[in-house]
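Heads up, the thing below is written out as structure tokens.
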Amino acid sequence: IFFHAPLILYSVAPFSFVLLACFPGLQPTPNIVLIMADDLGIGDLGCYGNDTIRTPNIDRLAAEGVKLSQHISAASLCTPSRTAFLTGRYPIRSGVCVPTLSVPAGLPLNETTFAAVAKKQGYSTALIGKWHQGLNSRYRSDHNHHPYNYGFDYFYGMPFSLFTPCWPDPSRDTELAISCRLWICVQLLAVTALTLTFGKLSCWFRVPWFVILLMILFTFLLCCVWYYSYTSGLYWDCILMREEEITEQPMKAERAGSIMMKEAVSFLERHREEPFLLFYSFLHVHVPCPTMENFIGTSKHGLYGDNVQEMDFFVGKLLDAIDNLGLRNHTVIYFTSDHGGQLESRLGHVQLGGWNGIYKGGKGMGGWEGGIHVPGLLRWPGKLPAGKVIEEPTSLMDIFPTVAALTGGTVPQDRVIDGQNLMPLLQGAVQHSEHEFLFHYCGVYLHAARWNPKDSQAVWKVHYVTPVFQPPGAQACYETKLCECSGEGVRYHDPPLLFDLSRDPSESTPLTGDTEPLYELVIKTVADAVQAHRKTIIPVQLQLGKELNEDRVWLKPCCGVFPFCLCDKEGNTSNLGAQLPGPRGDRTGDLGVRSTALPPSEPPGCPFSKFVNLVFSARQGALLAICPSGPVVL
């Protein structure tokens, strides 16, 4: 019997389509790449109206995919916004906010992330970049809040966030040099005190106990002075990790971006034959904006503009890698920011933070659009229309159920999920967003809410609380550096402020009963929605409460023997207690790092300081400090 191949194919094809329609799990699932910038102002991108900063690669995503023009963050601060992004739930439901690495707070372990949903469907998952959801809870290496525990198979990046000490400005070089000398003294005194103590107990020395106790007390006091200094954040918070191992402490911030991109491309290459989810969480463009030398001075907007253009370059590298691996048509790419730019980031009159375009306010301002209105770009060739712009309100929380739908997974049924699956809206199956109401928090305080009636083009925004800007007449909280959420730092509105964002996106002119016929109806409708929303909030332990946010030394991450926590494994340097890595220097020997192009007369200093000219080396069991005058045995 001979079979006619074309006839068989035509006969089987209809049944194949029926099977795929009836069983969505049989359809091939796409790879997913989620890209998040840090503190990026929506007005900093060409595709959102900027014509002075070059962002061709991000703009390409908009041209080749869908642009969301009303994409909203669930919070105007990093940690709660990212919590909502990961879980699809308002951060108030998790009680999450993590200020430092040395507190036991973090994303509760009973929360489910989109990575966990994808992993359950057979996806390989990775987080590269900024985590900022906690790390330790009982001791410094328990890693209770490590990404591993939330569905990520692989992690490389920064467990916390960039701080100014991670890449200090040159004006603080002297302060850094003094602080680093103090740290050297603390370490040497600590070693001396330990040596004398063991020698006394072993009857090797006849040093009076009170001398040893005085030395210990003096060392402790010096350590406290250093611990609360500007520089200590460089050592404790500015670290890089690969999986559960610290690879740089302190990290070399200006090279971190290129290393992370190499890790991302490597992950794509390793998993090109299987479905994967990559969450690439940029350190860009959070101040202090560490930038590689070849990008410094390339923009019209100083260091911040340079950093934006460097980020766009890295986005291009990621897109090129996807294309070169033949994954373009099989990969959904999403780009956003965790919230708006910080207006208070300034050096004198020079703006260091992002530009939020026409929108009022910025980072940390609760309900004002500038803090929560973020970019939203999605590309999936052949599946999503190119060049489409969607004006409907959407949220960062929508990514969780969207990932679940794309991977064939399901969202948890035992909790409220605030996000909505974006695919029907993106593909044109529906014309209106499922978000009739969105609520805007500042910490645990609800500051504002918006209403998107399905039978109207209006987008109503109601403000119950707004920050008090200072000094008077300013448009940000320049005196406190970050706006407050409650107390004397806010203004309570009764009646509340009302805006129609479709007519007044800048929230410049509040509507009243005299200027808006629907004023009373809108105020009552939104108030009823707020009341109904609050009934769904189940009280949980506040991760941002004082109990979990007291600084605890024993939770400080350390790549060596505490407190000698210094290493540079990315630069092929070994872990050495007293070693001072020079982030902008060349390498010498197996255990040493030094600066370059410095005159021998310069005094020894510390990381990121122009005074660096100290090389530590360990040979034949001796610890040497190679100073301009010659080697000194320590």
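Here the sequence shown stands for residues 2 to 635, numbered as in the working numbering.
Built from N, CA and C at the ideal position, the CB exists for glycine as well.
Values in this document were obtained by computation on a predicted structure and should not be read as measured data.
Original post:
In whole angstroms, what separates the C-alpha of residue 465 from that of residue 523?
Top reply: 13 Å
**OP:** Could you check which residue in 187, 347, 212 and 186 has the C-alpha nearest to that of residue 197?
**Re:** 212
Original post:
So residue 277 and residue 124 are in contact, right, with Cβ under 8 Å, and what is the actual spacing, rounded?
Top reply: 6 Å
Original post:
Rounded to a whole number of angstroms, what is the C-alpha to C-alpha distance between residue 187 and residue 221?
Top reply: So the two alpha carbons sit approximately 8 Å from each other.
**OP:** Ignoring anything shorter than 4 residues or poking outside the region 291-379, list the alpha helix (DSSP H) runs there in chain order.
**Re:** For the alpha helix (DSSP H) assignment, the uninterrupted runs of no fewer than 4 residues enclosed by the region 291-379 are, from N- to C-terminal side, 303-325 and 370-373.
Original post:
Shortest alpha-carbon distance to residue 471 belongs to which of 453, 491, 456 and 35?
Top reply: 491
Subject >> Distance, residue 135 Cα to residue 107 Cα >> reply: Distance between the alpha carbons of residue 107 and residue 135 is about 4 Å.
**OP:** Measure the C-alpha to C-alpha separation of residue 363 and residue 507 and round it to an integer number of angstroms.
**Re:** 12 Å
Subject >> Straight-line gap, residue 535 to residue 117 (C-alpha atoms, nearest Å) >> reply: 27 Å
Subject >> Per-residue burial, residue 560 [other beta carbons within 10 Å of its own, 16 or more giving buried] >> reply: buried
Original post:
Can you give the beta carbon distance from residue 379 to residue 385, rounded, assuming they're within the 8 Å contact cut?
Top reply: Approximately 6 Å separates the beta-carbon atoms of residue 379 and residue 385; this is inside 8 Å, confirming the contact.
Subject >> Close Cβ partners of residue 155 (< 6 Å) along its chain, the five nearest in sequence each way excluded >> reply: Correct list, in chain order: 127.
Subject >> First through last residue of the beta strand (DSSP E) which encompasses residue 495 >> reply: That run of the beta strand (DSSP E) goes 491-501.
Original post:
Do you know how far the Cα of residue 489 is from the Cα of residue 341?
Top reply: So the two alpha carbons sit approximately 24 Å from each other.
**OP:** Output yes if chain B places a C-beta closer than 8 Å to the C-beta of residue 283; else output no.
**Re:** Going by chain labels, chain B is absent from the structure shown, which holds only one protein chain.
Original post:
Roughly how many angstroms lie between the CA atoms of residue 263 and residue 38, to the nearest whole one?
Top reply: 17 Å
Original post:
For the candidate residues 390, 503 and 419, whose alpha-carbon lies nearest to that of residue 538?
Top reply: 419
Original post:
What's the gap between the Cα of residue 261 and the Cα of residue 70?
Top reply: 29 Å
Original post:
Near residue 26, what residues of its chain come up, given a Cβ to Cβ distance below 7 Å and the 5 sequence neighbours on each side ignored?
Top reply: Low confidence applies here, because residue 26 scores a pLDDT of 40, under 50, leaving its location unreliable and the question unanswered by this model.
**OP:** Using three-state DSSP, classify residue 393 as helix, strand or coil.
**Re:** strand
Subject >> 6 Å Cβ shell around residue 517 - same chain, five flanking residues per side excluded >> reply: none
Subject >> Residues sharing a beta bridge with residue 636, DSSP >> reply: Since the first and last residues shown for the chain are 2 and 635, residue 636 lies out of range.
Original post:
In terms of residue numbering, what span does the beta strand (DSSP E) encompassing residue 249 cover?
Top reply: 246-250
Subject >> Proximity winner among 259, 295 and 324, relative to residue 281 (alpha-carbon distances) >> reply: 259
Subject >> Terminal residues of the alpha helix (DSSP H) in which residue 527 lies >> reply: Judged by DSSP secondary structure, residue 527 falls within the alpha helix (DSSP H) whose first and last residues are 520-536.
**OP:** Any chance you could list the alpha helix (DSSP H) runs of at least 4 consecutive residues sitting entirely within the region 36-110, in chain order?
**Re:** Correct list: 57-65 and 79-88.
Original post:
Is it right to say residue 90 is buried, meaning 16 or more other beta carbons lie within 10 angstroms of its own, or is it exposed?
Top reply: buried
Original post:
Below 8 Å between beta carbons: does that hold for residue 158 and residue 293?
Top reply: no
**OP:** Helix, strand or coil for residue 120, going by three-state DSSP, please let me know.
**Re:** If DSSP states are grouped into helix, strand and coil, residue 120 belongs with the helices.
Original post:
Secondary structure at residue 463, three-state DSSP: helix, strand or coil?
Top reply: strand
Subject >> Nearest-angstrom beta carbon gap, residue 59 and residue 336 [assumed within contact, 8 Å] >> reply: 6 Å
Subject >> Any 3 or more C-beta pairs closer than 8 Å across the region 397-409 and the region 342-353 >> reply: no
Subject >> Beta-carbon contacts of residue 65 that lie in its chain and below 6 Å, excluding the five residues immediately before and after >> reply: 380 and 387
Original post:
Just how far apart, CA to CA, sit residue 376 and residue 312?
Top reply: Here the alpha carbons of residue 312 and residue 376 stand approximately 14 Å from one another.
**OP:** Compare the Cα-Cα distances from residue 151 to each of 115, 167, 137 and 138 and report the closest residue.
**Re:** 115
Original post:
Residue range of the alpha helix (DSSP H) that residue 263 falls in?
Top reply: 254-271
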